[in-house]
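K.L.:
Sharing a structure with you now.
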Amino acid sequence: MEPTINKKRINVIDLIRGFALIGLPFVNVLALWGSNVNLSGTQGDIWIQRILYIFVEGRFYAIFSFLFGLGLWIFLSRSKEKNDRPSALFVRRMLILFAVGILHQLINPGEALLIYAILGIPILFLNKVPKQVNLIVGIAGVIIGSIFGAKMFLTFPLMMLGLAFGQYRVFESYVKNRKKWMLVAVLSFVATSITVAFLWQKAPDDGLVTYMEGIELTESQMVSNRAFYDFADLSLAFAPFFSVFYVSVLVLLEPLVRKLLSPLNAFGRMAFTNYIGQSVILVIIAMFIPVDETVVPYMTATITCLLVVIAQIITSSYWLRYFKYGPLEWLWRCGTYGKWLSIRKKTDATKPR
Numbered sequence: 001m002e003p004t005i006n007k008k009r010i011n012v013i014d015l016i017r018g019f020a021l022i023g024l025p026f027v028n029v030l031a032l033w034g035s036n037v038n039l040s041g042t043q044g045d046i047w048i049q050r051i052l053y054i055f056v057e058g059r060f061y062a063i064f065s066f067l068f069g070l071g072l073w074i075f076l077s078r079s080k081e082k083n084d085r086p087s088a089l090f091v092r093r094m095l096i097l098f099a100v101g102i103l104h105q106l107i108n109p110g111e112a113l114l115i116y117a118i119l120g121i122p123i124l125f126l127n128k129v130p131k132q133v134n135l136i137v138g139i140a141g142v143i144i145g146s147i148f149g150a151k152m153f154l155t156f157p158l159m160m161l162g163l164a165f166g167q168y169r170v171f172e173s174y175v176k177n178r179k180k181w182m183l184v185a186v187l188s189f190v191a192t193s194i195t196v197a198f199l200w201q202k203a204p205d206d207g208l209v210t211y212m213e214g215i216e217l218t219e220s221q222m223v224s225n226r227a228f229y230d231f232a233d234l235s236l237a238f239a240p241f242f243s244v245f246y247v248s249v250l251v252l253l254e255p256l257v258r259k260l261l262s263p264l265n266a267f268g269r270m271a272f273t274n275y276i277g278q279s280v281i282l283v284i285i286a287m288f289i290p291v292d293e294t295v296v297p298y299m300t301a302t303i304t305c306l307l308v309v310i311a312q313i314i315t316s317s318y319w320l321r322y323f324k325y326g327p328l329e330w331l332w333r334c335g336t337y338g339k340w341l342s343i344r345k346k347t348d349a350t351k352p353r
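Just so we're aligned, residue 1 is where the sequence shown starts under the UniProt record's numbering, counting upward by one.
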């Protein structure tokens, strides 16, 4: 007989999800603003590119994909315990996500929800596969995808790993397994440190040159771009080291500074709302950018993304004082169960006496 899943929210999962969400707009802004961003206008812009491609690109997306697989397992497990037609609810949940993903594609061509919805369906069947198989195949897929620098190929293996971690109930006992997590953190820190030194040496001196409509790149600029793309592929191959290090550090920190990290936790609880919100906000800002040769410096775009994230963290923390879910999380939940559910938290005045 399988053990009962913890019905309470696992704080560290929301924390990790919030952390992963921080990095996404810094990468997605290029797809949202396109040629309005001058990637190599100054040395500062080039340095930001280098830092993002070493510490962010592929790392945060990997964590997000892993957590999506884990979240699917949690949903299926809890629905099964409630005898709540888990398969039917799961399919409905993915169909809603698919519809949202199609709409989101209209403003963010690089969005992840559509592919998550499509790849989420096989998870329904893999949930019945032995956890050892999901773990081994997931790890093998991540290794192969990393070696070949295929970011999109990594998505499904990462979801399988998330599913396997759920099946092994890794995060339900993370506080008791601090020594194991400490070992993982130390080993991944060593691997990450070596990788940073290696990638820093391999990073091209010039950054990626912006493609602008009606302006052809020079031969030297095309060579510079090819060098940067090669560096980006190389960087992606080492992304798992960074992702494992980030996750293990957060797992170790969460019990120690839970209150301090609570705003980030709230940010993660509203990940659906905030992910879509980031795209909407950045697209609205882009409407006020003049489309001409005077484009926005990459540093300005990066600072804008940082301000958006800070505003969302503050808003999420405030929102969840009064509501159980984020706006889109609530609508997704209502659509999944086919009925209107309560969203407001019970105050002292409304609690039954």
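Glycine included, every Cβ here is placed at the ideal spot set by N, Cα and C.
#1: Taking the straight line between their C-alpha atoms, what separation do you get for residue 293 and residue 247?
#2: Counting beta carbon pairs with one atom in the region 302-310 and one in the region 125-141, are three or more of them shorter than 8 Å?
#3: In angstroms, rounded to a whole number, what distance separates the CA positions of residue 176 and residue 338?
#4: By DSSP, does residue 165 sit in helix, in strand, or in coil?
#5: Using the Cβ count rule (16 or more neighbours within 10 Å means buried), how would you classify residue 223?
#6: Under the three-state reduction of DSSP, which class applies to residue 321: helix, strand or coil?
#7: Determine the direct distance from the alpha carbon of residue 162 to that of residue 3, and round the result to whole angstroms.
#8: Going by beta-carbon coordinates alone, are residue 68 and residue 159 separated by less than 7 Å?
#9: Rounded to the nearest angstrom, what separates residue 341 and residue 258 at their Cα positions?
#10: Under the rule that 16 or more other beta-carbon atoms within 10 Å means buried, what is residue 18, buried or exposed?
#11: Could you tell me which residues DSSP puts in a beta bridge with residue 296?
#12: The alpha helix (DSSP H) with residue 65 in it runs from where to where?
#13: Quick check on this structure: which residue in 298, 170, 151 has the alpha carbon closest to the alpha carbon of residue 135?
#14: Can you check the UniProt domain "DUF418" (234-339) for any alpha helix (DSSP H) of at least 4 residues that lies completely inside it and give the ranges in chain order?
#15: Over the uninterrupted alpha helix (DSSP H) stretch that includes residue 344, give me the two end residues.
#16: Can you tell me whether residue 20 is buried or exposed, with buried defined as 16 or more other CB within 10 angstroms of its CB?
#17: What does the alpha-carbon distance come out to for the pair residue 11 and residue 96?
#18: Do residue 228 and residue 204 have their CB atoms nearer than 7 Å?
#19: Rounded to the nearest angstrom, what separates residue 72 and residue 119 at their Cα positions?
#20: Kindly indicate the opening and closing residues of the alpha helix (DSSP H) around residue 203.
#21: Taking C-beta to C-beta, are residue 298 and residue 45 nearer than 7 Å?
#22: Using only alpha-carbon positions, find the residue among 60, 124, 113, 168 that is nearest to residue 374.
#23: Using alpha carbons as the reference points, say which of 180, 238, 173 lies closest to residue 191.
#24: In its own chain, which residues sit with a C-beta less than 7 Å from the C-beta of residue 194, not counting the 5 before and 5 after it?
#25: Cutting at 7 Å between CB atoms, please list the residues of its own chain near residue 174, excluding the five before and the five after it.
#26: Report yes if the C-beta distance between residue 286 and residue 33 is below 7 Å; otherwise report no.
#27: Among 226, 320, 147, 275, which has the Cα closest to the Cα of residue 60?
#28: Do residue 141 and the ligand ADP come close, with the Cβ less than 6 Å from some heavy atom?
#29: Round the Cβ separation of residue 116 and residue 235 to the nearest angstrom and send it over; I've been treating them as touching at under 8 Å.
#30: Could you tell me which of 113, 78, 77, 108 sits nearest to residue 94, measuring between CA atoms?
#31: So, is residue 200 buried or exposed, given that buried needs 16 or more other C-beta atoms within 10 angstroms?
#32: With the cut-off set at 7 Å, would you say residue 79 and residue 89 are in Cβ contact?
#33: Give the straight-line distance between the Cα atoms of residue 37 and residue 23, rounded to the nearest whole angstrom.
#34: Have a look at residue 265 and residue 28 and give me their C-alpha separation to the nearest angstrom.
#35: Candidates 110, 133, 100, 140: which alpha carbon is nearest residue 240's?
#36: Determine the DSSP secondary structure at residue 155, reduced to helix, strand or coil.
P.N.:
Here's the rundown:
#1: Any answer about residue 293 is weak, because its pLDDT of 49 lies below 50 and its placement is not dependable; what the coordinates show is given next. For residue 293 and residue 247, the distance between alpha carbons rounds to 41 Å.
#2: no
#3: About 38 Å.
#4: helix
#5: Residue 223 counts as exposed, since fewer than 16 other C-beta atoms from the protein chains shown sit within 10 angstroms of its C-beta.
#6: Of the three classes helix, strand and coil, the one that applies to residue 321 here is coil, per DSSP.
#7: Low local confidence applies: a pLDDT of 45 at residue 3 is under 50, so the model's placement there is unreliable, and no value is given.
#8: yes
#9: Going from the Cα of residue 341 to the Cα of residue 258 covers about 29 Å.
#10: buried
#11: 37
#12: 59-81
#13: 170
#14: The UniProt domain "DUF418" (234-339) contains these whole alpha helix (DSSP H) runs: 239-253, 262-269, 271-286, 298-319, 327-337.
#15: No alpha helix (DSSP H) holds residue 344; DSSP gives it neither H nor E.
#16: Here residue 20 is buried, its C-beta having at least 16 other C-beta atoms within 10 Å.
#17: 26 Å
#18: Yes, they are a contact pair.
#19: Cα to Cα, residue 72 sits roughly 11 Å from residue 119.
#20: Careful: residue 203 lies outside any alpha helix (DSSP H) and carries neither H nor E.
#21: For residue 298 and residue 45, yes; Cβs fall inside 7 Å.
#22: Nothing about residue 374 can be read from this structure; the chain reaches only from 1 to 353.
#23: 238
#24: none
#25: 12, 181, 251
#26: yes
#27: 275
#28: Of ligands this structure carries none, so the ligand ADP is not represented either.
#29: Going by Cβ atoms, the distance from residue 116 to residue 235 rounds to 23 Å, so no, they are not a contact pair.
#30: 113
#31: exposed
#32: Residue 79 places its beta carbon less than 7 Å from that of residue 89.
#33: 18 Å
#34: 22 Å
#35: 140
#36: helix
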